Every structure is written in C-alpha cells, then in structure tokens.
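Residue numbers (the working numbering): 906 to 1560.
Where a beta carbon is used, it is the ideal one built from N, C-alpha and C, also for glycine.
In this text the structure is predicted, and so the values were computed from the model without any measurement.
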Amino acid sequence: MKFQEALALHQHGRFDEARALYESVLKKHPKHFDALHMLGVLAYQSGKLERAATLLARAIAIDPYEARVRNNYGNVLQDLHRLDEALVQYNKAIAIDPNYPEAHNNRGDLLQTAGRWDAALTSYDRALTLSPRYAGAHYNRANAFKAMGRWDEAIAGYDQAIAIAPDYADAHHNRGHVLAECKKFAQAIDSYDLALRYKNVIPYLPGTRLNLKMHVCDWSDFDQELDALRTQIKQGKKVCPPFPLLALTSDAALQQQTARIWIQDKYPGLSAVKSFPKKKSHDRIRIGYFSADFWSHPVAHLIAGVFETHDRTRYELHAFSSGPDTQDPMRKRLELAFEHFHDVRLDSDSQVVALARKCELDIAVDLSGLTKGCRPGLFASGVAPVQINYLGYPGTMGAPFMDYIVADSTLIPQHSQKFYTEKVIYLPNSYQANDRKREISEKQFSRQELGLPESSFVFCCFNNRFKILPATFDGWMRILDAVPHSVMWLIGGDELAQSNLRKESVRRGIDPARLVFAAHLPLADHLARHRAADLFLDCLPYNAHTTASDALWAGLPVLTCMDEGFSSRVAASLLNAVGLDELVTQSQQDFEALAIALANDCERLSDIRARLHANRLTAPLFDTELITRHIEAAYAQVYARKQSGLPAEHVYVTA
C-alpha cells in the first residue's frame, strides 16, 4: 500500500514525500525490488547520480532480468561518463527485451556520445521500426545527422519529430541550429522563436538568436535584448555562448564571465588538467596544433606560413584536425607542412586525448578556442603539460585548464590581465601570424565592373555582417552624409541582410543606392579588388581581424577605433605593426572625424597609402619568419618553466 502511495506522489512530482515513503518501505523490506528501482529513478531525477547508481545496482542484484531497471541504470552510468558500463546495461536490456524501443534509443545516444555515428543510427532505426511515432528517437537520429554534417537529413528528422509532437521545443531549437549552418538565418530564427514559445528557458538561446539576427542585420529590439543578456550574464545565467558576445560588447569582464559560465557548464568535472608522468626531455620540443580550421579558412590563411617556417631542428610538429577534410589547396598545403597530420574529426574526445598523450606532446596550441568546431573537452582532459590559446578565438576561454593566451601589449595592456584566466604570452609586435605567400590576383578590376561609381570616394568594410552593430552603422551613415557622393562597399550574399541595411540607411536619411554590395570572388581576386576602394572603415566592438590583414596586405588603409576587449583592439595591433598607428582612434567621434578628414584630403591619404605600400614587406606585420621566431621563443620559455616545475606566468618575448 505504501509503495503505491509513494509511486503516486512520485508521478505527481512530490519527490520529497515519495522519497520518504520509498525509504519507509525499504526499511521494512530491504529487498523490495520496485521500491529500490523507483527510489533509484527518483535519485536520478534529482541529480544524485552516485546514489541512483547504488540503488539501481541493488535492484539488479535482486532481479537481473528486468529490462527497465537495466535501461535506467544505463542512463545513470552514461551521465556519470562510465560509457563502457552503460553500454553493457543497454545491451543487457535489449537482450532481455529485444522489442524495447527506449533501450535502443538510449543505446543510440551513448554511441553518438562516443562518436560512433553509424552504430548510433542503427540503434535509432531499430527503435523507430519498433515505434514509428517515437518522437524522441526521430529527434536523436536527427542529432546524429547534425553531428555528421548531414544537414538535409537532420532537418527531415527534426520535422518528423515536430510532426508527431508540435510542441517539441528541443527539436525546434536544434532545427534552428542546422538551418543556421545552412545560412538560412531567417528560417533559423523562426525555429528558435517556436522553441521559446514552447519552452521559456533554453540555455544559451537568447544570445544565439540575437547573433543570428545580427547576421541578417535585423536590429529590432537590439538594445533591449542586449541589456537583458548583460543583466543575466552578470547573474551567472546561461544565456549566451562566448563567441557571439564578442561582437555585441567590448566589456572584457563580461566576456570573461560568459566564457567561465560556458566552460563550467560544459565541462563541470574537468576543471583542471590531469597530471602528466615525468618524462625525459625530447630531442625536439613537440608541438601539437589543434584546430577545426585546417582548410581554406581565415585562421589557416593566417598561420600556414608559420607551420612551414618552424625550425624543424628544434620543433616536432603535430596537427590534430577536427574539421572537414576538404582536400582544397590549403588543406593539401597544411598536410605537407606538418611532420604528423592526425585527422581526428570522427574520433571521440577520449580517443584524441589518448592519441595526443601517446605522441608525448610538450605543448598543445588550441587554434579554435570557443569558435565553431572547437573541442575544449580535449584540453579539459589534458593533451599536453602546457596548453595555449592562440589566434582562432580573440578572448579568454575562461578555462582553468588553459595555461596561456598569445597576445601583445596593444591587445592586453597590463591593467587588463585580470580579465583573462590564462597567463599572457606577449609577442613584441602584433600577436597575429601572417603568411606573406598569400597571392593577390594580377587582375585589374575597374570600378564599373564592381558596381562602384567611377569618381566617388569609396569607403568599404568587408567584415562579416554580424559585426555591424546599429551604432557602427549610425557612424558610417554620418560619414556618408558628410562626404557627398561617397559610397559604402560591403560584403553581399544575403538578400535579407542587404534589404535590411538599405531600410536602415533610409531611416538615417541616406540614399540606399549609396550602399554597394560585393559579390563572392575567389580569394586572390577578392584581395585584388581592394585596390578599387579608398579607405576601410572598421567595426566596433569586433574589429576586422583577418579582414584587416587582407586589406593591409592588398594596400588598402584601415581606419579603426579601439576599445577594451581583445576583439576590439586587434586592428590597432595590426596597424601598429605595419607602421600606421595614426589610423587608430580612441572614440567614435574621433573615428568619424578622421574618416571625413581623410576623404577630403587626397594628398594625406595618398601619403598613407604610399607608406603602407613601402611597409608591406619590411614592417613586422607580414614578416612570417620574424613572428615564427618570436612564437618559438615563447614556446621555449614556457617549456623551460614547465620542465623546471614552475607554474605558468606572464611571458614577455623581446624583439
């Protein structure tokens, strides 16, 4: 009688009362199978995983042939990251009852967690054969397709789950993620809105949704949404992934808090690097570069020359590639640049960690940070005794398992070190690697073929659209208003974004025809067309990074405004390293005034262009050999500290 009463309370969510009754039943009948089982389930639902595992194991000892308890025990073990044991329990549940769809579905989830995608799909297919209207299995199967980059199949799976359960918030949410990957931003936002209609709180969705709105230049309710994000982040809430926030605010303290929230949420049990066995020094320092971007990607275009220029008598290079195997020219170039190129995109974190440790790396360099395709879990588990955040993510990772971040004195002044969880490696010029082998097409584009007016002053910004904040656009439009007949040349591609920007220009009293949108071109031609512009206007708070290097390498001056956070100071770092520090401003007012002044002083601007042309091949910014030697000097210093048993500390590399 008491058990039935406890079960009823449990089913109505009255956990404390149910727990007390289950325990009273067990006090009289210690081997009461159902009470042990349900008390274990209740412990699991309450987040008490170790307690749940103990109770369910006791229930199995009493009746080892009950499929439900095996399945539930598997769920607990999976959440405890005891994956091999969990798989045993799911397999036993299925052996007891081959027609148990939930066990097949849960087994699929475990296999997906382990990166065994094909096996996971087989389990989901079996669950759906047994129960075709099992919305959860359709959803999980779609998640597997999503993880494999099979976008159309993923969307179809989410659609099937939603057809069965229209209020399935998680399916709407993940469907939005896939649509965003397909650059169907408006549809993705619609899916996010449906997710929020059915579930008020979805971790990180408010910031993700606002970021997508920025991709299509939809600035409706921007100030209110950003203020809400700021408030909730300060309260420790999970409302925004770290990367999108970099383009929304230059507040370094807020960026650090956002990264910490993310890391603590995603890797709660992996807050420090595991110890490494003491080993003899290698003949050469072993460096592992980890990235999802070893293909024709901005990060690869920046650092490819460094890989090729490393001193192979002192350094042994390993690449760990978790991104697509595109076999484009850059990918092929990078495969030749490394002594050891490990394609780990289909391997689980534990497999990659085991491989890295087998390679006995001395230093691991994370080139992805908290960007798309990143795998911080590798570094949380520990892939090398020294772990460095470099180049791909312009900010702190907020992770106690990262030892250093590579920067320079412009990016992180000493008074800003407190906003970085990592210790800072200070390079003497700019932190940014550049490859002076980058090809610029010999093609001479006429303004007419680019859709530009022949005799007008051409401002341009080839930054990604998500970097264009309303305040940035306000400034651009004031500049156009002050420079008659001038135009603003922007990256095109998304019709909705272009339409929204034209509407925004009208609201600010500027003829939308003065916005010109550039079509996609191969990289060498894209670099060449920079010659048709007069001045690059930067964004704030997320500056041009690779885009600024593109412009400077092509001979186009870049005007920037510097603020507090790392991502707000990169263009200033680049301009300092190419000898054009007069193009670095400290306020929006000064930024606009200098843009207008340069547009009206052809001689002054011509002098700047001439100095940029002269400096391209002599200043530090594009000296690949020089920055490689500086990076190697940093590696040597942090390696020596580690070998001497010293903790990480700020490192200053001299010129």
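Secondary structure of LYS1328 (DSSP, three-state): strand.
Pairwise C-beta distances place the stretch 1249-1268 in contact with the stretch 1177-1193, as three or more of them are shorter than 8 Å.
The secondary-structure analysis by DSSP pairs SER1196 across a beta bridge with SER1226.
Per DSSP, reduced to three states, the secondary structure at ASN1505 is coil, with no helix or strand assignment. Within the same chain, THR1315, THR1465, MET1467 and VAL1489 come within 7 Å of ALA1477 by CB-CB distance, once the 5 residues on both sides are set aside.
TYR1295 and ALA1541 have their C-alpha atoms some 16 Å from each other. Within its own chain, the residues whose Cβ lies closer than 6 Å to the Cβ of ALA1402, once the five positions on either side in sequence are excluded, are VAL1121, CYS1122 and ARG1370, listed in chain order. Using a C-beta cut-off of 8 Å, the stretch 1437-1450 makes contact with the stretch 1374-1393, since at least three inter-stretch Cβ pairs fall below that distance. By alpha-carbon distance to ALA1285, the top candidate from ASP1313, SER1255 and ALA1312 is SER1255. Pairing TYR1005 with ASN976 gives a Cβ-Cβ distance under 9 Å.
Contact annotation: the stretch 1420-1427 touches the stretch 1387-1399, with at least three C-beta pairs closer than 8 Å. Using a C-beta cut-off of 8 Å, the stretch 1234-1247 makes no contact with the stretch 1274-1291, since fewer than three inter-stretch Cβ pairs fall below that distance. In this chain, the beta strand (DSSP E) harbouring MET1393 covers 1392-1396. Comparing alpha carbon positions, the residue from TYR1103, ARG1114, LYS1104 and LEU1026 closest to HIS1082 is ARG1114. The straight-line gap separating the alpha-carbon atoms of VAL1257 and GLY1193 is approximately 12 Å.
In this structure VAL1106 is exposed. Its beta-carbon is surrounded by fewer than 16 other beta-carbon atoms within 10 angstroms.
Bounds of the beta strand (DSSP E) holding ALA1423 are 1420-1423.
With contact defined as three or more Cβ pairs closer than 8 Å, the stretch 1514-1528 and the stretch 1159-1170 are not in contact. Here ALA1429 is not near GLU1354, since their CB atoms are 9 Å or more apart. Per DSSP, ASN1334 lies in no alpha helix (DSSP H) and is assigned neither H nor E. Nearest Cα to SER1180 within the set VAL1211, THR1452, VAL1291 and PHE1367: VAL1291. If you check the CB distance, PHE1471 and PRO1299 come in under 9 Å. PHE1090 and MET1119 have their C-alpha atoms some 10 Å from each other. Counting along the chain, PHE1246 sits inside the beta strand (DSSP E) bounded by residues 1245-1248. In the three-state reduction of the DSSP assignment, LEU1159 falls in the helix class. Take PHE1350, set aside five residues on each side of it, and the residues of its chain with a beta-carbon closer than 6 Å to its own are ARG1434 and ALA1437, in chain order. Assignment of ASP1495 by DSSP, reduced to helix, strand and coil, places it in the helix class. With respect to ALA1504, ILE1384 sits close: the two C-beta atoms are nearer than 9 Å. Membership of TYR1073 in any beta strand (DSSP E) is not indicated, and neither H nor E is assigned to it by DSSP. For ASN1481, the uninterrupted alpha helix (DSSP H) run begins and ends at 1475-1482, by DSSP. PHE1441 is bridged by DSSP to CYS1365 and VAL1463. Distances from the CA of VAL930 to each of SER951, VAL946 and LYS907 were compared; the closest alpha carbon is that of LYS907. The C-alpha of PHE1148 is placed about 10 Å away from the C-alpha of THR1301. With contacts defined by Cβ atoms closer than 9 Å, ASP1313 and THR1529 do not form a contacting pair. Counting only runs of 4+ residues, the alpha helix (DSSP H) found wholly inside the stretch 930-959 occupies 938-950, in chain order. Distances from the alpha-carbon of SER1253 to those of TYR1109, HIS942, ALA962 and LEU1015 put LEU1015 closest.
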